[in-house]
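In my numbering, the protein residues as written are 50 to 186.
A virtual CB, placed ideally from N, CA and C, is assigned to each residue, including glycine.
Following: one structure in structure tokens, then a few remarks.
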Amino acid sequence: MNNEARIDKWLWAARIFKTRSIAADACKNGRVTIGGMNVKPSRPVKVGEVVNVKKPPVTYSFRILQCIENRVGAKLIPEVYENVTDPKQYEILEMSRISGFVDRARGTGRPTKRDRRQIEAFVEPSLFGFDDDEDDE
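In structure tokens form, the structure reads like this:
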């Protein structure tokens with residue numbers, strides 16, 4: 050194995066991001082840091098470095114065990130990096146999952162299926178028994 054690898058290739062190969070272009074965009078947009086400093090996609094990483102990846106609302110931390118540039122199977126991931134993410138970050142993730150749609154105030158956001166049916170019933174007078182034929186007489 051090499052002693053160095055590009056950070057965007059490593060993030061993709063370690064299955065942290067689905068594609069290399071998404072990994073490169075994350076680096077360009079400041080969501081990937083090493084030692085508190087934002088990194089460019091071409092920055093080489095070494096074994097033992099800790100990479101922080103911001104995927105809102107959580108910041109994941111990974112310690113590099115192997116520098117790879119080719120994607121590996123999911124079963125080999127424990128050999129590539131060690132997840133050193135703070136447990137508090139997982140609590141934040143769980144809280145955001147729980148509060149996802151529960152706190153949505155009524156009337157905000159996209160209408161539900163029930164809301165849509167009520168709107169259509171209000172707009173279409175024939176559903177209430179009103180016909181346009183009665184107006185002609």
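Counted within 10 angstroms of its Cβ, other Cβ atoms place residue 162 as buried (16 or more) or exposed | exposed
Would you check if there are 3 or more beta carbon pairs closer than 8 Å linking the stretch 54 to 72 to the stretch 87 to 96?
-> yes
Per DSSP, which residues does residue 93 bridge with? Please list them.
-> 55
Would you report the Cα separation of residue 170 and residue 147, rounded to the nearest angstrom?
-> 33 Å
On a CA-only basis, which of 51, 53, 65 is nearest residue 123? Give me that one, please.
-> 65
So residue 112 is in the beta strand (DSSP E); what residue range does that whole segment cover?
-> From DSSP, the beta strand (DSSP E) with residue 112 extends over 107 to 113.
Under a Cβ-count criterion, where at least 16 other Cβ atoms within 10 Å of its own Cβ denotes burial, should residue 130 be classed as buried or exposed?
-> buried
Could you check the C-alpha separation between residue 128 and residue 166 for me, to the nearest Å?
-> 53 Å
How long is the line joining the alpha carbons of residue 157 and residue 99, rounded to whole angstroms?
-> 41 Å
Run of the alpha helix (DSSP H) containing residue 71, from where it starts to where it stops | Residues 69 to 77.
Go ahead and pull the three-state DSSP assignment for residue 128.
-> helix
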